[in-house]
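Novice:
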Amino acid sequence: MKLLIIEDELSLMASIVQYFTQEKFGCDTAVSFEEGIRKIEDYQYDCIILDINLPGGNGLQLLRYLRQNKNRDGVIILSARDSLDDRIAGLDIGADDYLTKPFHLSELSARVKALIRRKYAEGASTLEIGILKVDLPSRSVFSNGQPVPLSKIEYDLLLFLMTNRNRVVSRQAIAEHVHDGPAEQIPSTDFVYSHIKNLKRKLKEKGCHDIIQTVYGLGYKLSL
Amino acid sequence: MSKTLQQKNTRYFLIWLPVVLLAATALFYVLMSAHAHHMEKEQLELKQENIWNTLLANREALASHITGEYDLLPGTAVPAGLLRTQRDTTIYYPASKEWMAFKLLTEQRKVRGQTYQLTTYVSSKEITHLIIKVFIAEVFVFILLLAAIVIINRKSSGLLWRPFYTSMKKINDYDITQNHSLSLTEQTGIREFDQLNQVITQLIGNVSLAYGNQKQFVENAAHELQTPLAIIRSKLELLINSPQLTEETANLLADITEANDRLSQMNRNLLLLTKIDNHQFPEQSSVNLSHTLEKLVAYYKDYYDGGPLDIQSSIQPHISLRVNVSLIEILLNNLINNAFIHNIPNGYIRVSLDSHALTIENTGHPIEGGTERLFERFKKGREQSTTTGLGLSLVQRICLIYHFPLQYTYLQNIHRITISFGPA
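This is the structure we're talking about:
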């Protein structure tokens, strides 16, 4: 899987590259509008992570250029401005997703993977880890073939951990991910703990033990 | 209690004008009496002169007594002390059966060796009547004058102050958060008001500019903070995934992550507040409030599952409002989240919605300090170091935009926030 990250903040760019390299993605970078255009013309990417504010031009212009040239690479926009207009404009021009800074790398990773799944692996609508299997269209979870009844929040939580498997995901990232209201109103993260507890209990009942670990006070990790 | 300028002005007039007019009346009376007195004296002296002249010319032709006119007597019957001074007397008129008042004057002269005393009479009744009549007429004139002055003054001051009241209404209606400029006319026709309007327009222009700059500054600062926050957050995520993580560093990282998350949250809310202040949510559509609220309550119920809270809701179906979807979601989210966060163990939350109002009631600790500061920015409840302190401030701003009256009450550990939708 190949990613292009167009971002002028080098420090942020380095974080993104490091995170996705660890996830076995191939990462290519561009730090300006012109460099972005050049890379887009020369190579094919599975997903492009695009910052809106770039030296030399606007990320939205770049996106427009991309779509006018019938390039169907997946695009996720990063923006420091959480304005509804930017979001609508971005999605109208043909972005696949929109994330506002400051975002969690785990969230960005989940979005990239979901996008790639939607766009390229049309047949693969299931996610499997060990004996755990998730059927995405019906939002149902099976352990060893047995259905595990989960609430909406527990399902979202499990899927988020599964897409970020072997990674520590912070409580705040989980709270923001499962919250479907405005980003400004993330509810108290204290309750993530009880959702994890319920999820672990339900998985255990169906024979799936200790798949989710608590990492000190930092967050949670799903691994085999 | 203060009175209007016009009332004050009228009151001064009503107090001082009668005093002045009364003094003027008294003076008028004194002067008129003095003049009348003088006139009587001249008449008496003229009669004296005429009769003495007649006596000198021809003694026999002259009667010695005519009632009400004169007495001409030889000898010195009238004591010398009374000579040449005006005196009062009354004479009886049998025909009309009345006593009439007269003035009299006695002079003594020697004519052809014989001493005479001549007393002349002038009726004082007519003069007295005249004085009374003039005096009454004068009182009427004065009353008329008083009324005219007061009425003209009221009318003219009403006209004079009209530009002032027009300006005042405009200033009163001016809202600095609405971004409009205020222009007061500088052609009122009255120089003082022209100057006043000019000064006020200038002042408001400056204040508005300062306010705009301040707002812009907050917005820019908040925007500029987003990228560094994103960098810190991404580095922290890489760190917590580092294989060399020890428990000690993990604890440190947990604290840093939490502080950074709170900072990010605060920054987002601050940005949102600025955007609301800048009216960046203009689009309005018909929003099904019942549906939105049901969904939210269900979500929060699910999210805070396991919390020892009892949640009850009575939501009337199909209640719609013409509002901005984002704003109303922010409003409802904040209110409900607030009710959860500031609750107590084994407490409850009651949400009710009908066509007039939305009421959210929750148990909780009493608020320290006055309740009027509840909606201020960064006003926090106790032991809530993890909140941003901006939630209720957002609620208040949104209610202000739609002119929804917002009411907060606290009674025996129960907080109640009511938002009325006004005449729907």
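Protein chains in written order, with my numbering: chain A, 6 to 229; chain B, 34 to 457. Where is the CB? At the ideal position from N, CA and C, for every residue including glycine.
Comparing the C-beta of B:D294 with each C-beta of chain A, is any distance below 8 Å?
Specialist: yes
Novice: Do you know whose CA, among B:T109, B:A128, B:L138, lies nearest B:T122's CA?
Specialist: B:L138
Novice: Please indicate yes or no: does the CB of B:A134 lie closer than 7 Å to some heavy atom of the ligand GTP?
Specialist: The model on display carries no ligand, and the ligand GTP is accordingly not part of it.
Novice: Below 7 Å CB to CB, which residues in the same chain sit around B:A457 once its five sequence neighbours on both sides are set aside?
Specialist: Its pLDDT being 44, under 50, B:A457 is placed unreliably by the model, and the measurement read from it follows with that caveat. Excluding sequence neighbours, B:A457 sits near S388.
Novice: Could you list the residues in the segment 164 to 176 of chain A with a C-beta less than 8 Å from some C-beta on chain B, going in chain order?
Specialist: R172, V173, S175
Novice: Quick check on DSSP: helix, strand or coil for B:P28?
Specialist: Not covered by the structure: residue 28 of chain B. The range shown for chain B is 34 to 457.
Novice: Using a cut-off of 8 Å between C-beta atoms, extract the partners of A:A94 located in chain B.
Specialist: Those do not exist, as A:A94 stays about 14 Å from chain B at its closest Cβ, beyond 8 Å.
Novice: I want to verify the contact list: residues of chain B whose CB lies under 7 Å from the CB of A:R86, in sequence order.
Specialist: H256
Novice: Let me make sure I understand the geometry here. Which of A:A178, A:L223, A:R206, A:V173 has the alpha-carbon closest to that of A:S148?
Specialist: A:R206
Novice: Less than 8 Å between the C-beta atoms of B:P399 and B:Y443, yes or no?
Specialist: yes
Novice: Using a 10 Å radius around the Cβ and a threshold of 16 neighbouring Cβ atoms, would you call A:E14 buried or exposed?
Specialist: buried
Novice: So, at 8 Å on beta carbons, what are the nonlocal neighbours of B:E171 in its own chain, with the 5 sequence-adjacent residues on each side left out?
Specialist: T58, F61
Novice: Any beta carbon from chain B within less than 8 Å of A:G222's own beta carbon?
Specialist: yes
Novice: Assuming A:F38 contacts A:P60 under a Cβ cut-off of 8 Å, what Cβ separation, rounded to an integer in Å, is found between them?
Specialist: With 8 Å as the limit, A:F38 and A:P60 qualify as a contact, their Cβ atoms being about 7 Å apart.
Novice: Given a cut-off of 8 Å, decide if B:V320 and B:I361 are closer than it, judged by their beta-carbon atoms.
Specialist: The answer is yes: Cβ separation under 8 Å.
Novice: Is A:L110 close to chain B? Criterion is C-beta to C-beta, closer than 8 Å.
Specialist: yes
Novice: So for B:A457, helix, strand or coil by DSSP?
Specialist: Residue placement at B:A457 cannot be trusted, given a pLDDT of 44 that sits under 50; what the coordinates show is reported in the next sentence. B:A457 carries a coil assignment under DSSP once its states are collapsed to helix, strand and coil.
Novice: Using DSSP bridges, identify the partner residues of A:G79.
Specialist: Per DSSP, the beta-bridge partners of A:G79 are A:C52.
Novice: Looking at the C-beta of A:N60, does it have a partner C-beta in chain B at a distance below 8 Å?
Specialist: Before going further, note that residue 60 of chain A is Pro rather than Asn in the sequence given. Judged by the 8 Å Cβ criterion, A:P60 is not in contact with chain B.
Novice: From this set, A:V183, A:N58, A:H109, which residue's C-alpha is nearest A:G95's C-alpha?
Specialist: A:N58
Novice: For B:C432, which of helix, strand or coil comes out of DSSP?
Specialist: helix
Novice: From A:G135 to B:Q211, what does the alpha carbon distance come to, in whole angstroms?
Specialist: Taking the straight line from one Cα to the other gives about 59 Å.
Novice: Per DSSP, which one or two residues make a beta bridge with A:P152?
Specialist: A:F147
Novice: Would you please state the rounded distance, in angstroms, between the beta carbons of B:S190 and B:L38? I believe it to be under 8 Å.
Specialist: About 7 Å separates the two Cβ atoms, so the contact holds.
Novice: What does B:R266 reach in chain A if we use C-beta pairs closer than 7 Å?
Specialist: P107, H109
Novice: Just tell me which of A:L141, A:L104, A:D91 has its CA closest to the CA of A:I53.
Specialist: A:L104
Novice: Distance check for B:L179 and B:K188, CA to CA, integer angstroms please.
Specialist: 14 Å
Novice: Answer with buried or exposed for B:M72, where buried requires no fewer than 16 other C-beta atoms within 10 angstroms of its C-beta.
Specialist: Answer is exposed; the Cβ neighbour count stays below 16.
Novice: Determine the burial state of B:S275: buried for a count of at least 16 other Cβ atoms within 10 Å of its Cβ, exposed for fewer.
Specialist: exposed
Novice: By the 9 Å beta-carbon criterion, what residues does the segment 39 to 55 of chain A contribute toward chain B?
Specialist: Only those residues of the segment 39 to 55 of chain A whose C-beta falls short of 9 Å from the nearest C-beta of chain B would be listed, and there are none.
Novice: Return the first residue and the last residue of the alpha helix (DSSP H) that B:F331 is part of.
Specialist: For the sequence presented, residue 331 of chain B should be read as Ala rather than Phe. B:A331 -> alpha helix (DSSP H) spans 322 to 336.
Novice: Determine the burial state of A:K226: buried for a count of at least 16 other Cβ atoms within 10 Å of its Cβ, exposed for fewer.
Specialist: buried
Novice: Considering only residues of the same chain and omitting the five flanking positions on each side of A:L110, which have a CB-CB separation below 8 Å?
Specialist: S20, I21, Y24
Novice: Given B:N357, which residues of its chain have a CB within under 7 Å of its CB, disregarding the five upstream and five downstream residues?
Specialist: F314, E316, Q317
Novice: Nearest chain A C-beta to B:D338 closer than 8 Å, yes or no?
Specialist: yes
Novice: Going by DSSP in three states, B:S200 sits in which element: helix, strand or coil?
Specialist: helix
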